[in-house]
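Residue numbers (this note's numbering): 196 to 329. Yeah, the Cβ is synthetic: ideal placement off N, Cα and C, and Gly gets one too. Presented below is the structure to which this report refers.
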């Protein structure tokens with residue numbers, strides 16, 4: 196079975212990228228819990244964080260603060276949550292290591308399960324805005 200995130204990295208599926216470096220990318224979640232919900236992933240496929248070296252884990256997490264700050268500024272969110280699941284029992288849907296950055300808004304409360312579908316135009320515009328703030 197193929198990996199959706201690898202397909203996004205290979206350009207076979209759409210991805211709304213706003214950050215890229217040699218080893219990582221960040222893009223908007225197509226089914227966000229809230230506006231600005233984003234994913235940070237390593238380019239190299241690893242199913243679980245335990246499959247990675249400690250150095251690689253540290254490297255992927257080291258870019259999260261800069262990306263989260265740009266997302267907060269772009270969306271006007273009040274705070275954010277981080278999520279990182281490993282394995283089906285932990286509700287990891289895509290078997291490729293990824294870190295969720297989920298903006299949180301005082302006016303909405305904190306919801307973990309509600310998903311909404313954004314249009315491609317909405318995602319493209321938000322990705323551009325976040326990219327300009329990194």
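**Request:** Would you mind sorting residue 224 into buried or exposed? The rule is 16 or more other CB atoms within 10 Å of its CB.
**Result:** Within the chain shown, the letter at position 29 stands for residue 224. The C-beta of residue 224 has 16 or more other C-beta atoms within 10 Å across all chains shown, which makes the residue buried.
**Between the CA atoms of residue 212 and residue 238 - distance to the nearest angstrom** = Within the chain shown, residue 238 is the residue found at index 43, counting from 1. Within the chain shown, residue 212 is the residue found at index 17, counting from 1. One C-alpha to the other measures close to 13 Å.
**Message:** Looking at the secondary structure, which residues open and close the beta strand (DSSP E) in which residue 235 lies?
**Reply:** Counting from 1 along the chain shown, the entry for residue 235 is found at position 40. Unbroken beta strand (DSSP E) run through residue 235: 233-237.
**Request:** Tell whether a beta-carbon distance below 7 Å holds between residue 296 and residue 272.
**Result:** Your numbering for residue 296 matches position 101 in the chain shown. Your numbering for residue 272 matches position 77 in the chain shown. No Cβ-Cβ contact shorter than 7 Å links residue 296 with residue 272.
**Prompt:** Nearest to residue 219 by CA position, among 241, 226, 317, 227, is which residue?
**Reply:** For the purposes of this step, residue 219 is taken as residue 24 along the chain shown, with counting starting at 1. Of the candidates 241, 226, 317, 227, 241 places its Cα closest to the Cα of residue 219.
**Alpha-carbon spacing of residue 277 relative to residue 227, whole angstroms** = The residue labelled residue 277 in the question sits at position 82 within the chain shown. The residue labelled residue 227 in the question sits at position 32 within the chain shown. When rounded, the distance between both Cα atoms is 13 Å.
**Prompt:** Where residue 256 and residue 294 are concerned, what is the direct C-alpha to C-alpha distance, given to the nearest angstrom?
**Reply:** Position 61 of the chain shown holds residue 256. Position 99 of the chain shown holds residue 294. Each residue's alpha carbon lies about 8 Å from the other.
**Message:** Using only CA atoms, which one of 322, 314, 300 lies nearest to residue 229?
**Reply:** The residue you call residue 229 lines up with position 34 of the chain shown. Closest by alpha carbon: 300.
**Request:** Just tell me which of 217, 288, 248, 281 has its CA closest to the CA of residue 197.
**Result:** On the chain shown, position 2 is the one that residue 197 refers to. Of 217, 288, 248, 281, the smallest CA-CA separation from residue 197 is found for 288.
**Prompt:** Looking at residue 323 and residue 269, is the spacing between their C-beta atoms short of 7 Å?
**Reply:** As a position in the chain shown, residue 269 is number 74, starting the count at 1. As a position in the chain shown, residue 323 is number 128, starting the count at 1. One thing to note: residue 269 has its Cβ no nearer than 7 Å to the Cβ of residue 323.
**Message:** If you reduce the DSSP assignment to three classes, tell me which class residue 292 lands in.
**Reply:** Reading the chain shown from its first residue, position 97 is the one you call residue 292. Coil.
**Message:** Which same chain residues end up closer than 7 Å to residue 267 when comparing Cβ atoms and leaving out the 5 residues on each side of it in sequence?
**Reply:** Reading the chain shown from its first residue, position 72 is the one you call residue 267. Within the same chain, and ignoring the five residues on either side of residue 267 in sequence, the residues whose Cβ sits closer than 7 Å to its Cβ are 275, 298.
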